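Number of protein chains: 2
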Amino acid sequence: MRKIKDLGEFGLLRELGLFGQKLPEGWIGPGDDCAIAPKSGGNLAITTDLLIEDIHFRLSTTGPRDLGWKAAAVNLSDLASMGARPLALTVGAALPKNLPFEWAEEFYKGLRECADRFDCVLAGGDTSSAEKICLSVTALGDMEGRRPLLRSGARENDDLWLSGEPGESAAGLLLLEKGLSGGKALEKCLRRHLCPEPRVELGLLLAERRLANSAIDVSDGVLADAGHISERSGLKVLVEAGKIPMSRELCACAAKSGADPFELALGGGEDYELLFTAPPKNREAILEIGKGLGLGVAMVGKVEKGSGVSLLGEDGREMEPKRSGWSHF
Amino acid sequence: MRKIKDLGEFGLLRELGLFGQKLPEGWIGPGDDCAIAPKSGGNLAITTDLLIEDIHFRLSTTGPRDLGWKAAAVNLSDLASMGARPLALTVGAALPKNLPFEWAEEFYKGLRECADRFDCVLAGGDTSSAEKICLSVTALGDMEGRRPLLRSGARENDDLWLSGEPGESAAGLLLLEKGLSGGKALEKCLRRHLCPEPRVELGLLLAERRLANSAIDVSDGVLADAGHISERSGLKVLVEAGKIPMSRELCACAAKSGADPFELALGGGEDYELLFTAPPKNREAILEIGKGLGLGVAMVGKVEKGSGVSLLGEDGREMEPKRSGWSHF
Numbered sequence: 002m003r004k005i006k007d008l009g010e011f012g013l014l015r016e017l018g019l020f021g022q023k024l025p026e027g028w029i030g031p032g033d034d035c036a037i038a039p040k041s042g043g044n045l046a047i048t049t050d051l052l053i054e055d056i057h058f059r060l061s062t063t064g065p066r067d068l069g070w071k072a073a074a075v076n077l078s079d080l081a082s083m084g085a086r087p088l089a090l091t092v093g094a095a096l097p098k099n100l101p102f103e104w105a106e107e108f109y110k111g112l113r114e115c116a117d118r119f120d121c122v123l124a125g126g127d128t129s130s131a132e133k134i135c136l137s138v139t140a141l142g143d144m145e146g147r148r149p150l151l152r153s154g155a156r157e158n159d160d161l162w163l164s165g166e167p168g169e170s171a172a173g174l175l176l177l178e179k180g181l182s183g184g185k186a187l188e189k190c191l192r193r194h195l196c197p198e199p200r201v202e203l204g205l206l207l208a209e210r211r212l213a214n215s216a217i218d219v220s221d222g223v224l225a226d227a228g229h230i231s232e233r234s235g236l237k238v239l240v241e242a243g244k245i246p247m248s249r250e251l252c253a254c255a256a257k258s259g260a261d262p263f264e265l266a267l268g269g270g271e272d273y274e275l276l277f278t279a280p281p282k283n284r285e286a287i288l289e290i291g292k293g294l295g296l297g298v299a300m301v302g303k304v305e306k307g308s309g310v311s312l313l314g315e316d317g318r319e320m321e322p323k324r325s326g327w328s329h330f
Numbered sequence: 002m003r004k005i006k007d008l009g010e011f012g013l014l015r016e017l018g019l020f021g022q023k024l025p026e027g028w029i030g031p032g033d034d035c036a037i038a039p040k041s042g043g044n045l046a047i048t049t050d051l052l053i054e055d056i057h058f059r060l061s062t063t064g065p066r067d068l069g070w071k072a073a074a075v076n077l078s079d080l081a082s083m084g085a086r087p088l089a090l091t092v093g094a095a096l097p098k099n100l101p102f103e104w105a106e107e108f109y110k111g112l113r114e115c116a117d118r119f120d121c122v123l124a125g126g127d128t129s130s131a132e133k134i135c136l137s138v139t140a141l142g143d144m145e146g147r148r149p150l151l152r153s154g155a156r157e158n159d160d161l162w163l164s165g166e167p168g169e170s171a172a173g174l175l176l177l178e179k180g181l182s183g184g185k186a187l188e189k190c191l192r193r194h195l196c197p198e199p200r201v202e203l204g205l206l207l208a209e210r211r212l213a214n215s216a217i218d219v220s221d222g223v224l225a226d227a228g229h230i231s232e233r234s235g236l237k238v239l240v241e242a243g244k245i246p247m248s249r250e251l252c253a254c255a256a257k258s259g260a261d262p263f264e265l266a267l268g269g270g271e272d273y274e275l276l277f278t279a280p281p282k283n284r285e286a287i288l289e290i291g292k293g294l295g296l297g298v299a300m301v302g303k304v305e306k307g308s309g310v311s312l313l314g315e316d317g318r319e320m321e322p323k324r325s326g327w328s329h330f
């Protein structure tokens, strides 16, 4: 008998027929960062993310306030990648009976801080007991007439863009797991892992001004998420290793933890930066937006005819990536 | 140190400041069956419900297809109690790695059957692994210009109304727990527990025609949910025991399992009928609606000045209820 673990997360969803289902007109269904529901007065973007104890976080290394922030942030990041304005969050929180009340209090405080930061209302939810903490956050966003940025929208000859500096979150996770700490570089990577910043404003501006053809938020890792754009757009995505911004802090953390910084930058998940594609004519406008937001945006590759993701070394030759994202099963 | 279990579900939400928080204009926040988000083109109703293995259901007694139906139904019931039209569902499903794939397949089949029945789109979600099954469903509804039916809307001198026949779900649960089966009466109560029918059409008509002042869906039990209307409306709710519809099937199941049918009808949860209050002038219109839907609606009490819930016996004197709902902690 086939078990859930034999399929993996994407296999499970595919087998269940949740991808590619026939939806009523105007809907965009499972398979993107958000679903889109048609609605007079502005379509809606909807997304749900789970955070499970000992799968997505450990109580021993993650404080409740950071976890609350992150639970909101990962959902707002999904809205960001569609170009939706955050409207409301709901939270299903299953908590062990013996958890201190202060834990729940700090969790909701963090959640509310992140929601407030992005003008999003914490609108309700449900609580229950459970043996381990199981959190499910749903975010609702308003497209306000903007066309959503989809994974499937990439066009031949698009540039591939990335906001921020990838890999720091994965480096932060490594530090946590190895119990390492100390210094500003390490602290920055830790914060990036524990309190990621969803790129809501960037997503809004890209969609508002119709600068990008496709977008995804980097949750599985740059290469894996480039793969999602490639697969859904039916095109080849080239990632140029030499153009990936590598922060000083990432390199310091990698050195401390004995990891390859390059591997962390390309394969590490949970950066919650935006990876998007745009026609070459929009280069200046995109750089201007990055400048205006005080957020680095870098051209890190191209979209071509073909399929799959290729990683190009500085010599322009294809390299063999060692890791490419992770699965929850 | 205070633990989650010391507070109970309502205490936890109250302590966390989720009730009575200050929200932007036009919002209705936690504390009702749904939150209401203002939106041009029709306000939105949002609700989230958790279903946790060994808290809300047992794998040994609940099949995946029924569970899928119920996971959707309990959320659509929350929309029904506000008078919202179902728009979309999202599902966060944390599943053990060793669960057979067929379990997930049947679960999503049941979920989709219920969504389809009420013209609601299964718009997406998230999956993860977990030690025990943890399901979180969020439903989104469209108010389409209708004013939402709130728990807080009851007025002095309103009639108290109840759809359907309460207690059958609790009787069905008792049968499951005692391993009893056989006969049509028992089967009906079992189905009512496993596959409840959300009263979507009733809620829509009550809100559309502005017939009800307040409403709640019966998830905690008739007396407990009457208590929620009482508390939120700042009025006393009288429940007349002799007017509560008691089905033949409930009585048969109660006899078989050795329970008091009266206690099941008033204290049993998960009926997902609508309990609502309406001015006496609307009596005929409400009875007409019930007739049109083929659904019993009965006047079961009154709303008065004062506070709390009183249960009146057939002699008009106050009785002492034995049970009043249940807590998840």
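Protein chains in written order, with this note's numbering: chain R, 2 to 330; chain V, 2 to 330. Think of the CB as a built atom: it goes at the ideal place given N, C-alpha and C, for glycine as much as any other residue. Just so you know, these numbers come straight off a predicted model, no measurement behind them.
Mind checking if residue i is an interface residue toward chain R, Cβ cutoff 8 Å exclusive?
i      : result
V:A124 : yes
V:T49  : yes
V:W28  : yes
V:S129 : yes
V:M2   : yes
V:L151 : no
V:S82  : no
V:I217 : no
V:K40  : yes
Tell me whether residue i sits in a helix, a strand or coil according to DSSP, three-state version.
i      : result
R:F58  : strand
R:I5   : helix
V:F330 : With a pLDDT of 47 at V:F330, under the threshold of 50, the modelled position of that residue is not reliable, and the figure given next carries that caveat. Residue state, collapsed to three classes: coil.
V:G183 : coil
R:G93  : strand
R:K303 : strand
V:L294 : helix
V:I53  : strand
R:S205 : Before going on, a small fix: residue 205 of chain R reads as Leu here, not Ser. The answer is helix: DSSP assigns R:L205 an H, G or I state.
R:F119 : coil
R:R86  : strand
R:P262 : helix
R:S248 : coil
R:L276 : strand
R:A256 : helix
V:P31  : strand
R:S78  : helix
R:A213 : coil
R:P199 : coil
V:D67  : helix
V:E319 : strand
V:P25  : coil
R:P39  : coil
V:L100 : coil
8 Å is my cut-off, CB to CB: does residue i come that close to chain V?
i      : result
R:T62  : no
R:D5   : The sequence shown places Ile at residue 5 of chain R, not Asp. R:I5 counts as touching chain V.
R:V92  : yes
R:K23  : no
R:G293 : no
R:E114 : no
R:L100 : yes
R:L88  : yes
Determine the closest residue to residue i out of the options, with distance taken between C-alpha atoms.
i      : options                           : result
V:D160 : V:V304, V:R193, V:G125 and V:G228 : V:V304
V:K306 : V:A155, V:S258 and V:A94          : V:A155
V:F108 : V:D120, V:V201 and V:T128         : V:T128
V:S234 : V:T91, V:L150 and V:H194          : V:L150
V:M2   : R:I230, R:F119, R:R318 and R:F102 : R:F102
V:P31  : V:G295, V:S153 and V:D261         : V:S153
When you measure from the CB of residue i to every non-hydrogen atom of the ligand ADP, does any distance come out below 7 Å?
i     : result
V:D33 : With respect to the ligand ADP, the structure shown offers nothing to examine, as it has no ligands at all.
With a threshold of 16 other CB atoms inside 10 Å of the CB of residue i, please say whether the residue is buried or exposed.
i      : result
R:G243 : exposed
V:N99  : exposed
V:N158 : exposed
R:K282 : exposed
R:R86  : buried
R:K179 : exposed
V:E274 : buried
### Message
Report the start-end ranges of each alpha helix (DSSP H) in the stretch 121-183 of chain V that is 4 residues or longer and not cut off at the edges.
### Response
169-179
### Task
List in chain order: all unbroken beta strand (DSSP E) runs of 3+ residues lying wholly within the stretch 221-245 of chain V.
237-241
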